[in-house]
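Visitor:
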Amino acid sequence: MPHRPFSFRLNGRERSLEAPAERVLLDLLREDLGLVGTKRGCDLGTCGCCTVLLDGRPTLSCLTLAHEVAGRHVQTIEAVAPTTGLSRVQSAFVEHGATQCGFCTPGFVLTATALLRDHPHPTREQVVAAISGNLCRCTGYTKIIEAILAAAEGP
Amino acid sequence: MTAARRTVAPPTRLLGGRIPYIEAPLKVTGRAEYTDDLKRPGMLLARLLRSPYAHARIRSLDVAAARSMPGVHAVLTGDRYPTPFGVLPITHDETALAVGKVRYLGDIVAAVAADDELSADRALRAIRVDYEPLAEHVDPRVGLQRVDEPIHARGLNGSNVQKEVAQHFGDVDAALARARAQVHLRATFAGVTHAFTEPQVTIAEATPDGRLTVWSATQVPHYLHRALSEVLGWPLHRIRVIKPEVGGGFGGKSDPLPHEIVCAALAIETGRPVKLLFDREEVFLTNHGRHPVQNEVTIAADAEGRISAFDIQALIEGGAWSSFGTVTTYYNGVLSMGPYRVPNFRYHGRRVYTNRPPNGAMRAHGGTNLRYTVELAMDLLAEQLGVDPIDLRRRNALAPHSTTVNQFRITSTSFKQCLDAVESRSGWREKFRRLPYGRGIGLGAGFYISGSNSPIHFSPRMPQSTVHLKVDMDGGIAVHSMQADIGQGSSTLLAAIVAEVLGVDLERVHVVRVDSDVSPIDIGSYSSRVTFMMGNAARQAAEHLVEQLLHAAGELTGYPEDELVVAHERYQVGHRPEIGVSFLEALHKAIERSGALVATGAYTGPPMGGTFKGSRAGTSPAYSFAAYIAEVEVDVETGLFDVEKVWAAFDCGRPLNRLAVEGQIEGSIHMALGQFLGETMSYRGPRLMNPSLLEYKIPTPQQMPEVEVLLVGEDDPEGPFGAKEAGEGPLVATMPAVANALYDAVGVRFTDLPVTPDKVLKGIDARRSAGAGWKGTR
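Listed in order, the protein sequences are those of chains H and Z.
Just so we're aligned: the first sequence equals residues 1 to 155 in my numbering.
Just so we're aligned: the second sequence equals residues 1001 to 1778 in my numbering.
Shown next, in the form of structure tokens:
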């Protein structure tokens, strides 16, 4: 397959890469760029583990072609935390026990980060609706919802 | 200072609180390392050829063309490593790849290691297999008799029966004849699967120093270690098993699995590192989920509602292999008595092979489906006797420090406290049979082992858990153990127990990644054993370490050791707290002569169980107990229903990490509701029709009820700091609580799981057309 060039912003930095037309964003991130915080759970858009933010919106990287992100901004879990420490959402997830196996966690953190940017004080229903594209098999979602609501209250 | 001197749990500083998971900062930043995140230089990718037939003889297998294709480094078939294996030494009926015959649609026939996935897939398509299709066996009832071409030669008398258990204690027939009340219930359960988010994945690398390293997403590194050694014919000491973070298991990663051995074999064949990652369909086909079961329960009681007998039958569909099936077959009987005193008990259970993906251990293995039927039967019995369901359970509760009819040793039980707690918190007395038609409230009870007392391997004899500690002049405490944290928080608990005993801050303690080269054996995360067994081993190791530190503190202060006590980061004189030394001062004194301090602790279960065949199945050093109440609202026109709230009273002894215990309870309720509301391994004949998370639907956050956790357990006499399990027991009370609530709402008992809205509607309509009113309606 011929590789074609394209440019996009990745975690705040301009990147110019080459990839075949059928390269999927998840493979680009994990295999080509070593950004393995984005998880591969199903490759079918059913679990939400591969969620990234595309121009700020939660997006399934396993269903997104790499070339689709040309000229756009991709943010992965690697760029959520400040240089030292954790973001407010991340701290709340730790504090409230919202991680168990942790495999779904990066996707939830990104989804919650986008939610709180758009809705700094969401209702419980808004939180539930926002995370309904991310599956978690460990927590029953209870502590994830608690953590997101706590992050919204914040200091 | 021995462990015996400290059997009474002292007040604790860390334990009993809410301890955030120590690895959580890595997980929220995407920095936690799972197997698929690892890359080795020159790593090849492996893919598997799976059988398109459910049952067929392999007449011939031609891999010559595949072997010579570009980018292909090795092609493996079953004849290369034909040694049978399996999680239980008594039922080794699996092979790494099919040998001579395939037994389910998805059985592994060949494997390819190649430079990339495309080359591997091309090679798979070039493999020629000539199959002779055989009769497919998908109905366990048919498999009870002699069949043409049984799935395994080891089936009983030419049938597909993998295991048959018949037990009888006391005299059930006499008890039934005397009974003043008797209830009988049959129920059917679809198979369900773990649906963890991380697909199975293994990396293996054989190196020129004659060693093999295997990284794998496993719950039991030790069983994998053994299976690799047995099948590959390599001595254990030349194999190194590493467990990175594991993205959920729930039992599905507790068997040593064929692909793990295949991956290692390909690494040996090629001399290159090899990764084998499943796609989601392969995860579903590998299954090992909860068995589909048909069961029957008869409960007899006297006029006061005291249980006089249980008569139980279970027909269990095994799928293609034994897996944990022998244990499953026992558990479906022996765990059914649960929190009740049952003086006469009879059980007949059979597990039958079918040409479908293997079933195995799934959270609350063997203790879930039978409990459902028993708890519905208890509700029926209460109704027949005209007593309150909670009172009926109180009347029959096992006494603390008693022995069951099949010689289980019961120590602590706070079952009655669980009943009291949910009764008062839920407003039961005002609600039961008093809510309007369509609304209901129901009770279910729970019971589970806190670790199987009987290890799977008896040779060599060794403890079930061992923990090593090392502390050097830096004051950091390294903890080594093969306990397998799969997200439940066992590493956090391990660190917290060590910190608690030593009196130090939690951040001093780091739990070293499981690595068989350095981790002493703990037999892993299954049977809810880790808190109890690893916890005791950790406590003992830390007590041995603190002895050395107190000795050094004695030398420094001039006070005898036995007058010194552990304080926060300090060892001081009990009656003169101003005299003491810091942890680091004591440590530096202690290492003057010996260098880094090391200590070890271990746990071995006490002798228990009867002398009859199968007597060890279900024995445990402690048992958890639960009482859950669910409240539901049913739309009687559509059959749709909501589980609005669950009051979950649980006896895990002393909860050591409340955050983790709550998490286990909430997660268990979610998983149980999945099975109740709709999760189904849906087959057409032998073919799994829904091998994806789109079609196999786990509950969404919208379906999750409010959960009120009530931790009412008293300290267990043998658990670490009084603790028992909280990983699986929290699941079992959920489904019967919801079912009994549905009965309270609409007067229908649902005995065909999952309970989907169409079944609810059918039940409501049937009751209506029979003219049997309910709570004021017709």
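The C-beta atom is built at its ideal place from N, Cα and C for all residues, glycine as well.
Is there a C-beta anywhere in chain B that falls below 8 Å from the one on Glu1728 of chain Z?
Guide: Of the chains in the structure shown, none is chain B; the protein chains are H and Z.
Visitor: For chain Z, find out if any of its Cβ atoms is closer than 8 Å to the Cβ of Cys50 of chain H; answer yes or no.
Guide: Taking 8 Å as the threshold, the shortest C-beta distance from Cys50 of chain H to chain Z does not fall below it.
Visitor: What does DSSP give as the partner residue(s) for Asn1657 of chain Z in the beta ladder?
Guide: Z:Gly1017
Visitor: By DSSP, does Phe1612 of chain Z sit in helix, in strand, or in coil?
Guide: coil
Visitor: Nearest chain H C-beta to Ala1003 of chain Z closer than 8 Å, yes or no?
Guide: Because the pLDDT of Ala1003 of chain Z is 39, which lies under 50, any placement of that residue in the model is unreliable, and the number read from its coordinates should be weighed accordingly. With 8 Å as the cut-off, Ala1003 of chain Z does not count as an interface residue toward chain H.
Visitor: Spatial neighbours of Val1008 of chain Z within its chain, please: C-beta separation below 8 Å, excluding the five flanking residues on both sides.
Guide: Annotation note: pLDDT 43 at Val1008 of chain Z (below 50); position unreliable, no value reported.
Visitor: Rounded to whole angstroms, how far is the Cβ of Thr1329 of chain Z from the Cβ of Arg1351 of chain Z, which I believe are closer than 8 Å?
Guide: 5 Å
Visitor: Quick check: what's the CA-CA separation for Leu1494 of chain Z versus Val94 of chain H?
Guide: 18 Å
Visitor: Could you give the C-beta distance for Ile1312 of chain Z and Tyr1347 of chain Z, rounded to a whole number, given that I count them as a contact under 8 Å?
Guide: 5 Å
Visitor: Give me the residue from H:Val74, H:Ile131 and H:Gln100 with the minimum Cα distance to Leu26 of chain H.
Guide: H:Val74
Visitor: Measure the Cβ-Cβ separation of Ala1318 of chain Z and Thr1354 of chain Z and say whether it is below 8 Å.
Guide: For the sequence presented, residue 1318 of chain Z should be read as Gly rather than Ala. Against a cut-off of 8 Å, the Cβ pair of Thr1354 of chain Z and Gly1318 of chain Z comes out as a contact.
Visitor: For His1588 of chain Z, collect the residues of the same chain with a Cβ closer than 6 Å to its Cβ; drop the 5 residues on either side in sequence, then sort them by chain order.
Guide: none
Visitor: Since Val174 of chain H is in the alpha helix (DSSP H), which residue starts that stretch and which ends it?
Guide: Absent from the structure is residue 174 of chain H, since the part of chain H shown begins at 1 and ends at 155.
Visitor: Using 10 angstroms around the beta-carbon of Phe1676 of chain Z, count the other beta-carbons present and answer buried if the total reaches 16, otherwise exposed.
Guide: buried
Visitor: If you measure beta-carbon to beta-carbon, which residues of the segment 1017-1029 of chain Z are closer than 8 Å to chain H?
Guide: Arg1018, Pro1020, Tyr1021, Glu1023, Ala1024, Pro1025, Leu1026, Lys1027, Val1028 and Thr1029
Visitor: Can you tell me the Cβ-Cβ gap for Phe1196 of chain Z and Gly1247 of chain Z, rounded? I've got them flagged as a contact below 8 Å.
Guide: 6 Å
Visitor: What is the DSSP secondary structure of Val1374 of chain Z, counted as helix, strand or coil?
Guide: In the structure shown, the three-state DSSP call for Val1374 of chain Z is helix.
Visitor: Which residues in the same chain have their Cβ closer than 8 Å to the Cβ of Thr46 of chain H, if we skip the five residues on either side of it in sequence?
Guide: Cβ neighbours of Thr46 of chain H beyond the five flanking positions: Leu135.
Visitor: Relative to the C-alpha of Arg88 of chain H, which residue among H:Leu110, H:Arg23 and H:Arg40 is closest?
Guide: H:Leu110
Visitor: Leaving aside the five residues before and after Arg1006 of chain Z along the sequence, list all residues of the same chain whose C-beta is less than 6 Å from its C-beta, in chain order.
Guide: At Arg1006 of chain Z the pLDDT is 39, less than 50, meaning the model places this residue with poor confidence; the figure from the coordinates comes in the next sentence. The answer is none, since no qualifying residue turns up.
Visitor: What is the DSSP secondary structure of Thr1007 of chain Z, reduced to helix, strand or coil?
Guide: Summary for Thr1007 of chain Z: the model assigns pLDDT 38, below 50, so the residue's position carries little reliability, and this model does not support an answer.
Visitor: Please report whether the beta-carbon of Pro106 of chain H lies at a distance below 8 Å from any beta-carbon of chain Z.
Guide: Yes, because at least one Cβ of chain Z sits closer than 8 Å to the Cβ of Pro106 of chain H.
Visitor: What does the alpha-carbon distance come out to for the pair Glu1164 of chain Z and Ala1153 of chain Z?
Guide: Taking the straight line joining both Cα atoms gives about 16 Å.
Visitor: How would you label Arg13 of chain H, buried or exposed, when you count the other beta carbons within 10 angstroms and need 16 or more for buried?
Guide: exposed
Visitor: Classify Trp1647 of chain Z as helix, strand or coil using the three-state DSSP reduction.
Guide: strand
Visitor: Distance check for Pro1358 of chain Z and Gly1338 of chain Z, CA to CA, integer angstroms please.
Guide: 27 Å
Visitor: Cutting at 6 Å between CB atoms, please list the residues of its own chain near Val1565 of chain Z, excluding the five before and the five after it.
Guide: Gly1574
Visitor: Does Pro135 of chain H come within less than 8 Å of chain Z when only Cβ atoms are used?
Guide: The residue asked about is misnamed: residue 135 of chain H is Leu in this sequence, not Pro. By this cut-off, Leu135 of chain H is an interface position.
Visitor: Using a 10 Å radius around the Cβ and a threshold of 16 neighbouring Cβ atoms, would you call Pro1577 of chain Z buried or exposed?
Guide: exposed
Visitor: Strictly under 8 Å for the Cβ-Cβ distance: is His1670 of chain Z near chain H by that measure?
Guide: yes
Visitor: When you compare only the Cα positions, how much space is there between Val1262 of chain Z and Val1514 of chain Z?
Guide: 22 Å
Visitor: Are the C-beta atoms of Gly1444 of chain Z and some chain H residue less than 8 Å apart?
Guide: no
Visitor: With H, G and I counted as helix, E and B as strand and the rest as coil, what does DSSP make of Gln1675 of chain Z?
Guide: helix
Visitor: Buried or exposed: where does Asp1765 of chain Z fall if 16 or more other Cβ atoms within 10 Å of its Cβ makes it buried?
Guide: exposed
Visitor: Measure the CB-CB distance between Tyr1571 of chain Z and Ala1586 of chain Z and report whether it falls below 8 Å.
Guide: yes
Visitor: At the level of alpha carbons, what is the spacing between Thr1218 of chain Z and Arg1363 of chain Z?
Guide: 15 Å
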